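Numbering (our numbering), first residue to last: 229 to 368.
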């Protein structure tokens, strides 16, 4: 397989007005990155897929994992903003408020997903063994 031809302009990247280097990925690079992310997600959720639980519950468990991952990323972003000494205090405050607002939304979505999981388990009258399996998967 021969690599696609990329113009020198595309390959070199550029420097933005703040002096930061901006690198652009080719469409092939973006596709490979997405494929890698999908493979990681499939590996992460293999235990859920291999469980004996109904598909609806599996989907909710995967959604909960996604939300927990996003919350962890936002918490790290919040710490970076708090530790940053760049920009004015007003800009920093605005950035903190934005990240905190996103965290609030993600936490609300997580609470909603947990409520939906409980409702589905009740609706299908999932037994004790199934509930233990759900609890085990939630802790991972």
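C-beta atoms are modelled at their ideal positions from N, C-alpha and C, and glycine is treated no differently.
Just so you know, these numbers come straight off a predicted model, no measurement behind them.
Close CB contacts of residue 344 within its chain, under the 8 Å cut and outside five residues either way in sequence, are with 288 (chain order).
Assigned with DSSP and collapsed to three states, residue 288 falls in helix. In this chain, the alpha helix (DSSP H) harbouring residue 361 covers 356-367.
Where residue 281 is concerned, there is no enclosing alpha helix (DSSP H), because DSSP gives it neither an H nor an E. Non-local beta-carbon contacts of residue 357 in its own chain, meaning distances under 6 Å to residues more than five positions away in sequence, are absent. At a Cβ-Cβ threshold of 8 Å, residue 296 and residue 276 do not count as neighbours.
Here the alpha carbons of residue 321 and residue 278 stand approximately 45 Å from one another. Taking a cut-off of 8 Å for Cβ pairs, the segment 319-338 and the segment 292-307 touch, as three or more such pairs fall below it. The straight-line gap separating the alpha-carbon atoms of residue 268 and residue 284 is approximately 21 Å.
In this chain, the alpha helix (DSSP H) harbouring residue 351 covers 317-351. By the Cβ criterion, the segment 298-305 is in contact with the segment 327-334, since at least three pairs of Cβ atoms, one from each stretch, lie closer than 8 Å.
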